[in-house]
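2 protein chains.
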Amino acid sequence: MAKSDVKVLGAWPSPFVMRPRIALNVKHVDYEFLEETMGSKSQLLLQSNPVHKKIPVLIHADKPICESLVIVQYIDEVWTSGPSILPSDPYDRAVARFWAAYIDDKWFPSMSGIARAQGEEAKQAAIGQVEEGLVLLEEAFGKCSKGKPFFGGDRIGYLDIALGCFLGWLRATEKMNGVKLLDEAKNPGLCGWAERFCSNGAVKDVMPETDKLVEFAKMLFAKFKAPAST
Amino acid sequence: MAKSDVKVLGAWPSPFVMRPRIALNVKHVDYEFLEETMGSKSQLLLQSNPVHKKIPVLIHADKPICESLVIVQYIDEVWTSGPSILPSDPYDRAVARFWAAYIDDKWFPSMSGIARAQGEEAKQAAIGQVEEGLVLLEEAFGKCSKGKPFFGGDRIGYLDIALGCFLGWLRATEKMNGVKLLDEAKNPGLCGWAERFCSNGAVKDVMPETDKLVEFAKMLFAKFKAPAST
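Keeping their order, the protein sequence lines are chains V and W.
Read in order, the letters of the first sequence are residues 1 to 230 in my numbering.
Read in order, the letters of the second sequence are residues 1001 to 1230 in my numbering.
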């Protein structure tokens, strides 16, 4: 496979962009990473994802594939000679897909809601929702991993990628708000998993450093708050 | 397969509940339909879907599977001897999953927004969004069906089920608001498809009549508006 045959359009701070990158690393597929410029959208992005105009986009053999979890499933189905990303059993696949949808539809909106919260009460409510979600995900980790290191068992799988891509922003959110969201006492399984996930060979080079994300978030806040202060 | 081995927890007016029912019909799998009582949640539902407490739930061999599109994929992967629901080509699968996500995340919220709209301006905006979405879906139909009767080709597939389950409510919304959303001039492909889909053997017995949905909607509105009028 020529390197230029597989491209990812993305941006380093985006957790959703990490998903196809990790999936391609798991499959040992080389790819070209095309970084979008902050605040503008390339012609290639607009052509490749005319409906949402959003990253990530995977371009494989000149065909665009959009939506991060759709891309991860595509990667799993195309590069079948590499390690499997989805579980092989249909019920386990359904459970992985269920929790991935929960993460995107419920849990991550709560986490990003911490930064958007207006006032201390709303912020504490969002923090509470994130913590409740992590208790559910701790339970899911126990059931999915069955005592093994990852949701996917011995290897990083679909649910590892779906949740793990948010670990950088989880740590940055903790640091910026002086809170502990992933807690050793309440989430012992997830704490160990998070360490293993972030240091995994398929992940460590694409997982941004917490301080770099904090800097990025401060820059974003300054930018969006600027008009109101003038 | 004993009939009682496959159960669907649902309610007749729910488009999401139609998805697993149509998928099981496509696969010629008998199932028991357990109708939830309007306004309350059964103990079986609360036990089976403790995270969202929502229908539909498929119970197969005593294991619950939740979230309508997750269930449809599960059905496709378990009953492999029946006709395939997802396309066989990975790119076509990705395209079907992309549009199914678009329908749930963007298009259907616009359609249900017509009923929720406060004031004429908001209502017209929601109608405009639905119509724009149908233009995109008309284009998707052309590309996916490749001149055949369904998104899935010769047979009902994943995207047919994902969009088709909303046809009853689309027609009821048209009737209640005196508008034509699915338009012969703008959506010629989808108009023909909608007819074929609703009269298909796997669909016709689970697709509610438009008038019955209109009655149900009026009853719902009366119920929710009642407290404000006292």
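All C-beta atoms in this analysis are idealised placements derived from N, C-alpha and C, irrespective of residue type, glycine included.
Within chain V, the residues that Tyr1102 of chain W reaches when beta carbons sit closer than 7 angstroms: The residue you call residue 1102 of chain W lines up with position 102 of the second sequence. In chain order: Val51.
What three-state label does DSSP hand Val51 of chain V in the structure shown? Position 51 of the first sequence, counted from the start, is the residue given in the question as residue 51 of chain V. Per DSSP, reduced to three states, the secondary structure at Val51 of chain V is coil, with no helix or strand assignment.
Anyone know if the C-beta pair for Leu24 of chain V and Ile55 of chain V falls short of 9 angstroms? Along the first sequence, read from residue 1 onward, the residue named residue 24 of chain V stands at position 24. Along the first sequence, read from residue 1 onward, the residue named residue 55 of chain V stands at position 55. No.
Return the residue from the list W:Phe1216, W:Met1219, W:Asp1211 and W:Phe1108 that minimises the CA-CA distance to Leu1181 of chain W. Within the second sequence, numbered from 1, the residue matching residue 1181 of chain W stands at position 181. The candidate whose alpha carbon is nearest that of Leu1181 of chain W is W:Phe1108.
Thinking Gly1189 of chain W and Glu1132 of chain W are a contact (beta carbons under 8 angstroms), I'd like their distance in whole angstroms, please. Walking along the second sequence from the start, residue 1189 of chain W turns up at place 189. Walking along the second sequence from the start, residue 1132 of chain W turns up at place 132. About 16 angstroms separates the beta carbon of Gly1189 of chain W from that of Glu1132 of chain W, a gap too long to meet the 8 angstroms contact definition.
By alpha-carbon positions, which one of V:Glu67, V:Ala126 and V:Thr80 ends up nearest to Ala101 of chain V? As a working note, residue 101 of chain V is residue 101 in the first sequence. The residue among V:Glu67, V:Ala126 and V:Thr80 with its C-alpha nearest the C-alpha of Ala101 of chain V is V:Glu67.
Check Glu1209 of chain W in the structure and name its three-state DSSP category. As a first step, residue 1209 of chain W must be located in the second sequence, where it is residue number 209. The answer is coil: DSSP assigns Glu1209 of chain W none of H, G, I, E or B.
Within its chain, find whatever has a CB closer than 7 angstroms to the CB of Ala202 of chain V; leave out the 5 residues flanking it on each side and keep chain order. For this step, residue 202 of chain V is matched to residue 202 along the first sequence. The answer, listed in chain order, is Ile22, Asn25, Val26 and Ile156.
Thinking C-alpha only, which one of W:Lys1218, W:Tyr1031, W:Leu1136 and W:Met1207 is nearest Phe1166 of chain W? Counting from one through the second sequence, the residue named residue 1166 of chain W turns up at place 166. Of the candidates W:Lys1218, W:Tyr1031, W:Leu1136 and W:Met1207, the one whose C-alpha sits nearest the C-alpha of Phe1166 of chain W is W:Met1207.
For Lys1063 of chain W, would you say it is in contact with chain V, using Cβ-to-Cβ distances shorter than 9 angstroms as the test? As a position in the second sequence, residue 1063 of chain W is number 63, starting the count at 1. Closer than 9 angstroms to some Cβ of chain V, the Cβ of Lys1063 of chain W qualifies, so yes.
Using the C-alpha atoms, what's the distance from Ala222 of chain V back to Asn1062 of chain W? Residue 1062 of chain W sits at position 62 when you count from the first residue of the second sequence. Residue 222 of chain V sits at position 222 when you count from the first residue of the first sequence. A small correction: the amino acid at residue 1062 of chain W is Asp; Asn does not occupy that position in the sequence shown. One C-alpha to the other measures close to 53 angstroms.
Name, please, each residue of chain W whose Cβ falls closer than 7 angstroms to the Cβ of Glu67 of chain V. Within the first sequence, numbered from 1, the residue matching residue 67 of chain V stands at position 67. Those within 7 angstroms of Glu67 of chain V in chain W are Phe1098 and Ala1101.
Identified DSSP bridge partners for Glu33 of chain V: One-based indexing of the first sequence puts residue 33 of chain V at position 33. The amino acid at residue 33 of chain V is misidentified as Glu; the sequence shows Phe. DSSP, once it has assigned bridges, lists V:Val8 as partnering Phe33 of chain V.
Report the rounded CA-to-CA distance for Lys1053 of chain W versus Leu1213 of chain W, giving the unit in angstroms. In the second sequence, residue 1053 of chain W corresponds to position 53, counting from 1. In the second sequence, residue 1213 of chain W corresponds to position 213, counting from 1. Just so you know, the alpha carbons of Lys1053 of chain W and Leu1213 of chain W end up roughly 23 angstroms apart.
DSSP-derived helix/strand/coil call for Lys106 of chain V: Taking the first residue of the first sequence as position 1, residue 106 of chain V is located at position 106. Lys106 of chain V falls in the helix class under three-state DSSP.
Ignoring anything shorter than 4 residues, give me the alpha helix (DSSP H) runs that lie fully in the stretch 1095-1170 of chain W, in order along the chain. Listed in chain order, the complete alpha helix (DSSP H) runs (minimum 4 residues) inside the stretch 1095-1170 of chain W are 1108-1116, 1120-1145 and 1158-1164.
Helix, strand or coil: how does DSSP classify Pro1090 of chain W here? Here residue 1090 of chain W is taken as the residue at index 90 of the second sequence, counted from 1. If DSSP states are grouped into helix, strand and coil, Pro1090 of chain W belongs with the helices.
Distance between beta carbons of Pro64 of chain V and Val57 of chain V, contact taken as under 8 angstroms: The residue labelled residue 57 of chain V in the question sits at position 57 within the first sequence. The residue labelled residue 64 of chain V in the question sits at position 64 within the first sequence. Sure, about 5 angstroms apart at Cβ, within 8 angstroms.
Return the chain-ordered list of same chain residues with a C-beta closer than 6 angstroms to the C-beta of Gly184 of chain V, the five sequence neighbours on each side being excluded. Within the first sequence, residue 184 of chain V is the residue found at index 184, counting from 1. Per the sequence shown, the amino acid found at residue 184 of chain V is Glu instead of Gly. Correct list, in chain order: Cys191.
Assign Thr1173 of chain W to buried or exposed, taking buried as 16 or more other Cβ atoms, counted over all protein chains shown, within 10 Å of its Cβ. Stepping through the second sequence from its first residue, residue 1173 of chain W is reached at position 173. When all chains shown are included, Thr1173 of chain W counts as buried.
Span of the alpha helix (DSSP H) around Pro20 of chain V: Numbered from its first residue, the first sequence carries residue 20 of chain V at position 20. Annotation: the continuous alpha helix (DSSP H) that includes Pro20 of chain V extends over Pro15 to Val26.
Tell whether a beta-carbon distance below 9 angstroms holds between Ala126 of chain V and Met111 of chain V. As a first step, residue 126 of chain V must be located in the first sequence, where it is residue number 126. As a first step, residue 111 of chain V must be located in the first sequence, where it is residue number 111. Taking 9 angstroms as the cut-off, the beta carbon of Ala126 of chain V is found closer than this to the beta carbon of Met111 of chain V.
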